[in-house]
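These notes are about the structure you will find just below.
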C-alpha cells in the first residue's frame with residue numbers, strides 16, 4: 726500500500742464534510758465538554774436573546790410541565806445552549822436557522838408576533854407542522870422535519886442525561902420517568918430489589934457519598950463480595 | 270533494532286485476548302497492539318450520554334461509510350458498535366455465552382444451496398470445538414444450567430464438562446414474567462448462560478446487578494473480558510509487551526509470502542514497525558478485513574491473503590425482531606444485566622415456516638435499561654401521532670413498566686455484503702475508511718417478520734396493557750429498504766474453509782496463503798448462527814493457538 730498521508734485534523738474535517746458527513750462529524754469529533762460550561766452559567770452563551778426565547782418556548786411544548794416536571798424544570802434550554810456550543814456544535818447552524826424560522830412563522834400568522842408569544846395551542850400547531858414536514862410560511866432552510874428531530878433530540882438529551890452535563894436539573898427528568906439513577910457506585914441492587922419485593926431508593930433520596938441504592942441489610946454492607 | 274517477538278497479536282478483544290493469554294502462558298514473547306487506549310474500571314461509570322449516546326469513551330474517532338448497493342455513493346457515519354480501546358468491544362459486551370448448535374456448523378449440507386446466499390459448512394464440527402468451548406466457559410466463568418435448554422446440542426458428559434462452572438443468577442422481575450408467560454404457552458425458557466459472576470470466581474467479585482452492563486465497562490470486573498481475565502494472566506508471565514494507541518496500518522509481507530512486520534502509527538502519529546515470527550490478527554470482521562485490504566504488495570495485489578477474493582465478503586451482523594410490552598407492574602429493566610431468561614423453541618430450522626434457520630429469544634434490557642436509549646427509541650416510534658407534548662410525556666412515564674422481548678436471528682451470508690476501502694473518505698490518519706455495502710437476504714426479512722409474530726404472542730401472554738413491535742428501521746425492524754447497517758456481532762469477511770479458492774483461512778484460522786498469519790476473530794465464521802458469537806470466537810481462538818503450539822513443538826522436537 727502507499728505510505729499513508731498524515732494530514733492535519735482540519736483537513737480531515739473538510740474531507741468528511743465534503744463527503745456529506747456533516748451530521749456524522751459531531752459524533753466523531755470530541756470537543757471540549759459542555760458540562761463545565763453549563764455548570765458555570767445558566768445564561769445564554771451561544772444563542773441570541775431572540776433565539777433563546779424561541780428555543781425555550783419550543784422546548785417547553787415538546788416536554789411540557791402541565792402534569793409534572795418538564796423541559797423548564799430540567800433546564801433543557803441551558804443544556805441546548807451549551808451543547809450547541811460544544812459537543813453538538815455541528816448542529817448549531819441548523820438549530821439557529823430553525824429558531825429564526827419559528828419566529829418567521831409566528832410573524833406570518835400575526836404581524837409583530839414571535840413564536841414565544843403565541844398561545845400554547847398555536848405553538849403546538851407549529852410544532853406539529855414541523856413534525857409533519859410541512860408548514861406554511863416556513864423558510865427554505867432548514868428542512869422542517871430535520872429541525873424538529875434535532876430540537877426533540879436535544880430536548881430529550883437535556884431532560885434525561887446525567888446532571889453533570891447541565892440538564893436533568895435536580896433529577897427532574899429521571900423523576901418524571903421513574904428511573905432511580907445509577908446504581909453501581911451505590912453498591913448495586915439486591916436479588917429482592919431485582920424481583921420487586923424490596924424497595925429501591927432513588928438517587929434524589931440518597932444522602933451524598935456512597936449510600937447504597939438498597940438499604941443496607943442488618944449486619945453487613947450490601948456491596949459486592951470479594 | 271528491536272529483536273523480533275515470537276508472536277504479534279493485533280487487536281485485543283475476545284479473540285486477541287485469548288491469543289495473547291495463551292501465547293504468553295506457553296512461554297512465547299508477545300507484543301500486542303491495539304489502536305485505542307488502555308481503559309480500566311476507573312473510566313467506567315454510567316454516564317449514558319457520554320458512553321452510549323455520544324460513544325465518546327470507547328471509539329470517539331470511529332468513521333465508516335455505508336451503502337446498500339454496489340455503485341451507490343456511501344454515506345459517512347458510525348454504523349458498527351466498535352470499541353477502539355484495549356479489550357475491544359469485549360469490554361462492553363452483554364456476557365451472553367453460547368455454544369452453537371451442532372447443525373449450525375453445517376448449514377449448506379443441512380439446507381442445500383439457497384439462491385442469493387453464499388452458504389457453506391464450517392470446516393470443523395461441534396465435537397471438534399467442544400473441548401475449547403469447555404476451556405472458554407471455565408476461564409471466563411460462565412453461569413448457567415446444563416440441560417435446561419432442551420434445544421441445545423447435548424453436552425459431553427465426562428471430564429467435568431457436563432455443567433457450567435457457575436450457577437445461575439437471581440432473576441429480574443421482567444424475566445420472571447416472561448418465563449411464566451412462556452411456560453403457559455408450552456415453551457421451554459431457561460437461564461441464559463452469561464460470563465458474569467453470580468459469586469466470586471477467578472479472583473473477580475460477584476456482579477452487583479447494577480444495571481449498566483451491556484454497552485458499558487464493568488467497574489468491578491465481575492463481567493469476564495480481556496481486561497478482567499486475559500491481561501492479568503498474560504502480564505503475570507512477564508512476557509507481554511502491550512502497546513496501546515498503536516494503530517496497525519499494514520502487515521508487511523516478505524518475498525516468500527510470510528508476514529515480516531506490522532507497521533503502525535503510535536500515539537503521536539509516528540510510523541513504527543514491529544517484527545515477529547507469527548502474527549495473530551483479531552481486529553474484528555471490519556478491522557481485520559480492512560487491514561488485509563490495506564496490506565497490498567506485488568505478491569498480494571488485492572490485499573494480503575486475498576488470493577480467493579473473499580476478504581471482506583460475506584459480512585454478517587445478525588438481525589433481531591423486537592417487541593415492547595407495557596406491564597401493569599414494574600419490569601425493573603434498569604436492574605441486573607442484559608438478560609436472564611431465553612428460549613430456543615423456534616431456533617431449529619424448519620423450511621415449512623417459509624424460511625430456513627432461526628435464532629434465540631430472550632427478555633432483554635437493551636431498550637429499557639437506561640432513560641436516554643428508552644426515550645430516543647420511543648421518539649422515533651411512528652405510533653406516536655405527534656411525538657411531542659403530553660403524548661410523549663405519557664409514553665416516557667411508561668418507562669418503569671416497559672418490558673422488551675428480543676431475538677438474535679441468523680442472517681444468511683451474501684458475497685456482495687462486504688467491507689472494502691472507501692475510495693473517497695479518509696480518516697484522521699489519512700487511511701481510507703471501511704466502506705460497508707449491505708442488503709438483507711429475503712430469507713432474513715421473512716424470518717424477522719415470523720419471529721415478530723411469535724414475540725407478539727409471547728408479549729400478549731405476559732399480560733399488561735399494550736404489546737407492540739419496536740419499529741426502529743434497520744435496528745429492531747428490517748425490510749428491503751432498511752437492512753441492518755451495523756451491529757455488534759461482526760462476522761464473516763475472512764471465512765474459514767478447506768478450499769483456498771473459496772475461503773481465506775483453514776479450519777484452524779491459518780491463512781491459506783500466508784503460513785505465519787492466523788485470524789482469531791469473528792471474521793472467520795462461514796455462517797452466522799442464531800446466537801451471540803463471542804463464546805465461539807473465544808473457543809476458535811483457543812483452538813487456533815493450541816494447534817499452532819502443537820505444530821511449533823513438533824518442529825522444535
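Chains as they are written, first to last, in the working numbering: chain A, 726 to 951; chain B, 270 to 826.
Backbone N, C-alpha and C fix where the C-beta goes; we use that ideal spot for every residue, glycine too.
- Message: What does the Cβ neighbour count give for residue 768 of chain B, buried or exposed, with the cut at 16 atoms within 10 Å?
- Response: When all chains shown are included, residue 768 of chain B counts as exposed.
- Query: Using the beta-carbon count (16 or more within 10 Å), is residue 623 of chain B buried or exposed?
  - Reply: So residue 623 of chain B ends up on the exposed side.
- Task: Indicate whether at least one CB of chain B lies closer than 8 Å to the CB of residue 909 of chain A.
- Result: Chain B has a Cβ within less than 8 Å of the Cβ of residue 909 of chain A.
- Query: Which runs of the alpha helix (DSSP H) spanning at least 4 residues fall entirely within the segment 332–399 of chain B, listed in chain order?
  - Reply: Entirely contained in the segment 332–399 of chain B, the alpha helix (DSSP H) runs reaching 4 residues are, in chain order, 376–380.
- Message: Distance cutoff 8 Å, beta carbons only. Does residue 541 of chain B sit that close to anything in chain A?
- Response: Residue 541 of chain B does not count as touching chain A.
- Task: Compare the C-beta of residue 870 of chain A against all C-beta atoms of chain B and say whether one is closer than 8 Å.
- Result: Not one chain B Cβ lies under 8 Å of residue 870 of chain A.
- Item | Buried or exposed by the 16-neighbour rule on C-beta atoms within 10 Å, applied to residue 373 of chain B | Residue 373 of chain B comes out buried.
- Since residue 765 of chain B sits in a beta bridge, which residues does DSSP pair it with? Within the DSSP secondary-structure output, residue 765 of chain B pairs in a beta bridge with B/774.
- Task: Keeping to the same chain, check which residues put their C-beta closer than 7 Å to that of residue 734 of chain A; ignore five residues upstream and five downstream.
- Result: For residue 734 of chain A, the pLDDT reaches just 33, beneath the cut-off of 50, and the residue's location in the model is therefore unreliable, although a value from the coordinates is still provided. Once the five neighbours on either side are set aside, residue 734 of chain A has no close Cβ partner at all.
- Item | Short-range partners of chain A found in the segment 580–604 of chain B, where Cβ spacing is below 8 Å | Under the 8 Å Cβ criterion, the segment 580–604 of chain B contributes 598, 599, 601, 603 and 604.
- Please work out which residues of its chain come closer than 6 Å, Cβ to Cβ, to residue 804 of chain B, disregarding the five sequence neighbours upstream and downstream, and give them in chain order. Excluding residues within five positions, the ones whose Cβ falls inside 6 Å are 366, 367 and 405.
- Query: Taking Cβ positions, are residue 287 of chain B and residue 807 of chain B nearer each other than 8 Å?
  - Reply: A contact, by the Cβ cut-off of 8 Å.
- Message: Between residue 806 of chain A and chain B, is the shortest Cβ-Cβ distance under 8 Å, so that the two count as touching?
- Response: So, not an interface residue.
- Item | Test item: CB-CB of residue 477 of chain B and residue 465 of chain B under 8 Å | Judged by beta-carbon spacing, residue 465 of chain B lies beyond the 8 Å limit of residue 477 of chain B, meaning their Cβ atoms are not closer than that value.
- Message: Taking the straight line between their C-alpha atoms, what separation do you get for residue 671 of chain B and residue 319 of chain B?
- Response: About 24 Å.
- If I'm right that residue 328 of chain B touches residue 351 of chain B with Cβ under 8 Å, what's the distance once you round it to whole angstroms? Rounded to the nearest angstrom, the Cβ distance from residue 328 of chain B to residue 351 of chain B is 5 Å, consistent with a contact under 8 Å.
- Message: Would you say residue 683 of chain B lies against chain A (beta-carbon separation less than 8 Å)?
- Response: With a threshold of 8 Å between beta carbons, residue 683 of chain B makes no contact with chain A.
- Smallest Cα separation from residue 798 of chain B: which of B/587, B/537, B/620 and B/755? Taking only the C-alpha atoms, the option nearest residue 798 of chain B is B/587.
- Reducing DSSP to helix, strand and coil, say where residue 555 of chain B ends up. In this structure, residue 555 of chain B counts as helix in the three-state DSSP scheme.
- Task: Could you check the C-alpha separation between residue 829 of chain A and residue 711 of chain B for me, to the nearest Å?
- Result: If you take the alpha carbons of residue 829 of chain A and residue 711 of chain B, they lie about 47 Å apart.
- Using a beta-carbon distance cut-off of less than 8 Å, what residues from the segment 775–801 of chain A approach chain B? Result list: 786, 787, 788, 789, 791, 792, 793 and 795.
- Item | Run of the alpha helix (DSSP H) containing residue 811 of chain B, from where it starts to where it stops | Looking at the DSSP string, the run of the alpha helix (DSSP H) that includes residue 811 of chain B is 803–825.
- Tell me, please, which residues DSSP counts as bridged to residue 632 of chain B. In DSSP, residue 632 of chain B forms a bridge with B/674.
- Message: I'd like to check one pair, residue 884 of chain A with residue 898 of chain A: are the Cβ atoms closer than 8 Å?
- Response: Yes, the pair counts as a contact, with Cβ atoms nearer than the cut-off.
- Sheet register partners of residue 742 of chain B (DSSP bridge): As a beta-bridge residue in DSSP terms, residue 742 of chain B pairs with B/746.
- Item | Pair within 8 Å by beta-carbon distance, residue 515 of chain B and residue 302 of chain B | Yes. Within cutoff.
- Task: For residue 846 of chain A, return the contacting residues in chain B, with the cut-off set at a CB-CB distance below 8 Å.
- Result: Neighbours of residue 846 of chain A on chain B: none; closest Cβ ~11 Å, over 8 Å.
- Pick helix, strand or coil for residue 911 of chain B, following the three-state DSSP scheme. The displayed coordinates of chain B run from 270 to 826. Any statement about residue 911 of chain B would go beyond what the structure contains.
- Taking residue 682 of chain B and residue 388 of chain B to be in contact with their CB atoms under 8 Å, please state how far apart those CB atoms are, rounded to whole angstroms. Residue 682 of chain B to residue 388 of chain B, Cβ: 7 Å. Contact.
- Tell me, to the nearest whole angstrom, how far the beta carbon of residue 283 of chain B is from that of residue 359 of chain B; I am working on the premise that it is less than 8 Å. About 4 Å; that satisfies the 8 Å criterion.
- Do three or more CB pairs link the segment 570–578 of chain B to the segment 296–310 of chain B at distances below 8 Å? No contact exists between the segment 570–578 of chain B and the segment 296–310 of chain B.
- Message: Once DSSP output is grouped into helix, strand and coil, what is the label at residue 787 of chain A?
- Response: Helix at residue 787 of chain A.
- Beta carbon of residue 451 of chain B, beta carbon of residue 727 of chain B: below 8 Å? Residue 727 of chain B is positioned such that its CB atom lies closer than 8 Å to that of residue 451 of chain B.
- Message: Using only CA atoms, which one of B/485, B/569, B/754 and B/758 lies nearest to residue 346 of chain B?
- Response: Of the candidates B/485, B/569, B/754 and B/758, the one whose C-alpha sits nearest the C-alpha of residue 346 of chain B is B/754.
- So with Cβ pairs under 8 Å, would you call residue 648 of chain B a contact of chain A? Yes, its Cβ sits closer than 8 Å to a Cβ of chain A.
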